[in-house]
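Colleague:
Number of protein chains: 2
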Amino acid sequence: MDRQATRAAAGTRAGRAPVTLAQIARQAGVHVSTVSRALSADDAVRGGVGAETVTQIRALAEELGYQRDPAGAALRTGRSRMLGVLVPRLTDIVLATIYEGIDAAASTAGYHTVVANTGDDPEMQRRRADALLARRVDGLVLGDARSDSDLVAELARRRIPLVLVSRRLPGRISVTTDDVLGGRLAAEHLLSLGHRRVAVVAGEPYASTGVERTQGFLDAFAGAGLPVPASHVVPSRFDVPGGRAAAEHLLGLAPRPTAVFAVNDFAAIGVMAAVRDAGLTVGRDVAVVGYNDVPLAAALPVSLTSVRSPMYRMGEVAATTLVTMLDGRSGRSRRLRPTLEARASTLGDHAPGAAR
Amino acid sequence: MDRQATRAAAGTRAGRAPVTLAQIARQAGVHVSTVSRALSADDAVRGGVGAETVTQIRALAEELGYQRDPAGAALRTGRSRMLGVLVPRLTDIVLATIYEGIDAAASTAGYHTVVANTGDDPEMQRRRADALLARRVDGLVLGDARSDSDLVAELARRRIPLVLVSRRLPGRISVTTDDVLGGRLAAEHLLSLGHRRVAVVAGEPYASTGVERTQGFLDAFAGAGLPVPASHVVPSRFDVPGGRAAAEHLLGLAPRPTAVFAVNDFAAIGVMAAVRDAGLTVGRDVAVVGYNDVPLAAALPVSLTSVRSPMYRMGEVAATTLVTMLDGRSGRSRRLRPTLEARASTLGDHAPGAAR
DNA sequence: AGCCTCCACGCAATCGATTGCGAAGAAGCG
DNA sequence: CGCTTCTTCGCAATCGATTGCGTGGAGGCT
Chain A
2 MDRQATRAAA
12 GTRAGRAPVT
22 LAQIARQAGV
32 HVSTVSRALS
42 ADDAVRGGVG
52 AETVTQIRAL
62 AEELGYQRDP
72 AGAALRTGRS
82 RMLGVLVPRL
92 TDIVLATIYE
102 GIDAAASTAG
112 YHTVVANTGD
122 DPEMQRRRAD
132 ALLARRVDGL
142 VLGDARSDSD
152 LVAELARRRI
162 PLVLVSRRLP
172 GRISVTTDDV
182 LGGRLAAEHL
192 LSLGHRRVAV
202 VAGEPYASTG
212 VERTQGFLDA
222 FAGAGLPVPA
232 SHVVPSRFDV
242 PGGRAAAEHL
252 LGLAPRPTAV
262 FAVNDFAAIG
272 VMAAVRDAGL
282 TVGRDVAVVG
292 YNDVPLAAAL
302 PVSLTSVRSP
312 MYRMGEVAAT
322 TLVTMLDGRS
332 GRSRRLRPTL
342 EARASTLGDH
352 APGAAR
Chain B
2 MDRQATRAAA
12 GTRAGRAPVT
22 LAQIARQAGV
32 HVSTVSRALS
42 ADDAVRGGVG
52 AETVTQIRAL
62 AEELGYQRDP
72 AGAALRTGRS
82 RMLGVLVPRL
92 TDIVLATIYE
102 GIDAAASTAG
112 YHTVVANTGD
122 DPEMQRRRAD
132 ALLARRVDGL
142 VLGDARSDSD
152 LVAELARRRI
162 PLVLVSRRLP
172 GRISVTTDDV
182 LGGRLAAEHL
192 LSLGHRRVAV
202 VAGEPYASTG
212 VERTQGFLDA
222 FAGAGLPVPA
232 SHVVPSRFDV
242 PGGRAAAEHL
252 LGLAPRPTAV
262 FAVNDFAAIG
272 VMAAVRDAGL
282 TVGRDVAVVG
292 YNDVPLAAAL
302 PVSLTSVRSP
312 MYRMGEVAAT
322 TLVTMLDGRS
332 GRSRRLRPTL
342 EARASTLGDH
352 APGAAR
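As given, the protein sequences belong to chains A and B, one line each in that order.
To convert, take the position in the first sequence, counting from 1, and add 1; that gives the working numbering.
To convert, take the position in the second sequence, counting from 1, and add 1; that gives the working numbering.
1) Apart from the five residues on each side of it in sequence, which residues of its chain come closer than 6 Å, Cβ to Cβ, to A247 of chain A?
2) If V199 of chain B sits next to F262 of chain B, beta carbons under 8 Å apart, how far is it from one beta carbon to the other, in whole angstroms?
3) Helix, strand or coil: how does DSSP classify D44 of chain A here?
4) Return the chain-ordered list of same chain residues with a C-beta closer than 8 Å to the C-beta of R309 of chain B, the five sequence neighbours on each side being excluded.
5) So, does the segment 319 to 329 of chain A touch the segment 21 to 33 of chain B, judging by three or more C-beta pairs under 8 Å?
6) Check S34 of chain B in the structure and name its three-state DSSP category.
7) Does any CB atom of chain A fall closer than 8 Å to the CB of Q5 of chain B?
8) Given a limit of 9 Å on CB to CB distance, which residues of the segment 94 to 127 of chain A reach chain B?
9) L91 of chain A lies in the alpha helix (DSSP H); which residues open and close that run?
10) Find the residues of chain A that neighbour D70 of chain B, judging by a C-beta separation of less than 8 Å, and give them in chain order.
11) Excluding five sequence neighbours on each side, which residues of the same chain lie with their C-beta closer than 7 Å to the C-beta of R59 of chain B?
12) Taking the beta strand (DSSP E) that A288 of chain A belongs to, which residues open and close that run?
13) Quick check on A45 of chain B: buried or exposed, where buried means 16 or more other Cβ atoms within 10 Å of its Cβ?
14) Rounded to whole angstroms, what is the Cα-Cα separation between A345 of chain A and L156 of chain B?
15) In this structure, does DSSP put A248 of chain A in helix, strand or coil?
16) Consult DSSP for G85 of chain B and reduce its assignment to one of helix, strand or coil.
17) With DSSP run on the structure shown, which of helix, strand or coil describes V95 of chain A?
18) Compare the C-alpha of T215 of chain B against each of B:G183, B:S232, B:D70 and name the closest.
19) With A263 of chain A as the anchor, note down where its beta strand (DSSP E) starts and where it stops.
20) Which same chain residues, not among the five before or five after E101 of chain B, have their C-beta less than 8 Å away from its C-beta?
21) Any beta carbon from chain A within less than 8 Å of G73 of chain B's own beta carbon?
22) So the beta strand (DSSP E) A200 of chain B belongs to, where does it begin and stop?
23) So with CB distances below 7 Å, who are the chain B contacts of L91 of chain A?
24) Taking only three categories from DSSP, how would you classify R1 of chain A?
25) Report, in whole angstroms, the separation of the C-beta atoms of T347 of chain B and H190 of chain B, which I expect to be a contact under 8 Å.
26) Which residue marks the beginning of the beta strand (DSSP E) containing A117 of chain B, and which one marks its end?
27) When you compare the CB of I270 of chain B with every CB in chain A, is at least one pair closer than 8 Å?
28) Given that V241 of chain B touches chain A, what residues does it touch there, using C-beta distances under 7 Å?
29) Look up E342 of chain A in the DSSP assignment and say whether it is helix, strand or coil.
30) Across the segment 113 to 122 of chain B and the segment 109 to 128 of chain A, are there enough close Cβ pairs to call them in contact, namely three or more that are closer than 8 Å?
31) Between which two residues does the beta strand (DSSP E) carrying L337 of chain B extend?
32) Straight-line CA distance for S334 of chain A to V176 of chain A?
33) Mind checking G79 of chain B: buried by the 16 CB within 10 Å criterion, or exposed?
34) With a threshold of 6 Å on Cβ separation, who are the neighbours of P123 of chain A within its own chain once the five nearest residues in sequence on each side are excluded?
35) Using a Cβ-Cβ cut-off of less than 8 Å, list which residues of the segment 206 to 233 of chain B approach chain A; keep chain order.
36) Between the C-alpha atoms of A110 of chain B and P71 of chain B, what's the straight-line distance to the nearest angstrom?
Next up, the structure:
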């Protein structure tokens, strides 16, 4: 009676025919364990079931529309085939793109993903991570690692399989772009255009992305014998208002910098707005370089020069790395190469249609 | 041996002390069934467990760091407490924002969500929906319903609990903004500014959003005795290139329209780009109205007038509606009210800082 | 022809939580 | 004081899939 009620409810709720291994076994005239083996058999060298039986059972399972119940499998094996993903905000297109890559790769590997926003808040990060773990995800992809938090260390101590993405942390496996190189590319571009007085909108100090991009940029200028004074490097939030505020400060300096490198495209857009508000022209009076090359960058009225990072690919690699680790093999960190896309915000090309 | 291995593996993988009901029961000196009841008891009318026992067991569970194993619970109850969410693209900030609302509300109700991108492709929609169902989600929130696909009808026939969000479909429960009203708001705004020759970038014909926004807009102009000719209403993709292409066509008409309503902000940005490329000025030569009021709209060099829709709220309501249905009560469709945000793209205010 | 090996499959335990039913004890009532 | 009625909890079945171990039979080898 209990069972009847439960089945009926499940049937009503999810509307799917609850085909089980037992039903297949009955129809095939074999034991349920045989069916289990036949269906899980890795086509290669799987043991214990005759090849003929395998094809026969699979055909029957297909015909009946069998779908393995993940709950039953998870209960027995202790693995859920789900990956948890933590990001600052999914409404940030950078993270959304990375997540799409993660999900695509995970899906290919037979895993589902569960995302959660943390708003880059340490307290929230902990809560969301715990919630994911309570869901028994097999591993975690963290897109919001902070250098001033010990959450990652704690998770590692608990031996939870994890991979960082976008941001790095010493001693942890991560998949990022080579942010130092990216910063250097931006610097070399500006140097080649003759800029000598430059400034940096450096992002949040707890994020390796901003820190390393800034570092690479400063190193390149220092290497060219033109060290950037500390007063010309200001921290900022990663969004438009953050970039605008930082730029308003920088434009007030005397002498005014002729170029600004923002470690993030949205901050760069804020910089461009501040330049306009100051009555100056982007690309002529002040050059602006962003980072990530989001689709919008090329579509802006004055198209934005930006360091392109392979965001989607980064997500894919992070996911496959985690899956590799879950398979018992060891994962390794990766740094993907960024490239520079030069556009009107540094080249000063304002001809109609140039943004196209 | 089997068990040992499994536990050890789980321990290594997930790194969490696998505290079970049985362990708590042993320590508390009661039966596991009592523990189960004590922990699940809705504080209101707990099912047959003494109040004292309940507090005691809960304290013990807390102390031991007990976390219910979802696999065990799902296996027994047939419910996973997971919601599936289908969206065209998570990199579209509109859908990302809606999803954040969905996830927040679901989380509050004790559900987790699993998202999937479908790229608005019918074949992919079906595959992703099946994958989610195979995961045994309790219900579905669909953000990509197409009027030219029978997927929703099929899912409904299979009695799968579902709620549509953003887009509507006749006869289905949905949570949207009042798109007809939104279109009318845009029209009334332009009418009040004296525009008599207008055009519409109408979006994809299979999406109720674009269709209804267009309808509301056309109705309002027709009601004012100024029917918009069919030649001035062109379909488009929902992105920047889509809006640009449509606008290039519209700007070639003679006489040229003095205002363009795009049913989506990104299409509107494309329209603005086309206007610039034609050597015209947005807000002076051609007024542009968008829809959704994404954060970027206000930050553009020429800030964009847009119909603001409560995207996050829409997601929240959709999720709570679905949860309500899962609880056995009946859900109902909702239409949230949009409002118009007038800015420089129609008011022609180009003073520096106006975009702020 | 006898014995050994290996293949293919069945048996049954197990994972953790939930829940209908029954029983024991307490409390209330006549 | 006996009987009825709750309250509180234990018992055991159950969900579906996985897997170590055992077994029957076929085939090979001497």
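Cβ coordinates follow ideal geometry from the N, Cα and C atoms, glycine included.
Owing to the predicted nature of the structure, the values given are computational and were not obtained by experimental measurement.
Modeller: Well, looking at it:
1) V202, V235, S237
2) 7 Å
3) Because D44 of chain A carries a pLDDT of 49, less than 50, the predicted location of this residue cannot be relied on, and no value is offered for it.
4) N293, D294, P339, T340, L341, E342
5) no
6) helix
7) Any reading at Q5 of chain B must be qualified, since the residue scores a pLDDT of 39, below 50, and its modelled position is unreliable; no value is offered.
8) I94, A97, T98, Y100, E101, D104, A105, S108, H113, T114, V115, V116, A117, N118
9) Run containing L91 of chain A: none; DSSP gives neither H nor E here.
10) L76, R137
11) A39, L40
12) 288 to 293
13) Note on A45 of chain B: pLDDT 44, under 50, position unreliable in the model; the coordinate value appears next. Answer is exposed; the Cβ neighbour count stays below 16.
14) 49 Å
15) helix
16) strand
17) helix
18) B:G183
19) 260 to 263
20) Y313, G316
21) yes
22) 199 to 202
23) L91, A97, Y100, E101
24) Residue 1 of chain A is absent from the structure shown; chain A starts at 2 and stops at 357.
25) 7 Å
26) 113 to 118
27) yes
28) A300
29) strand
30) yes
31) 335 to 337
32) 6 Å
33) buried
34) S150
35) none
36) 15 Å
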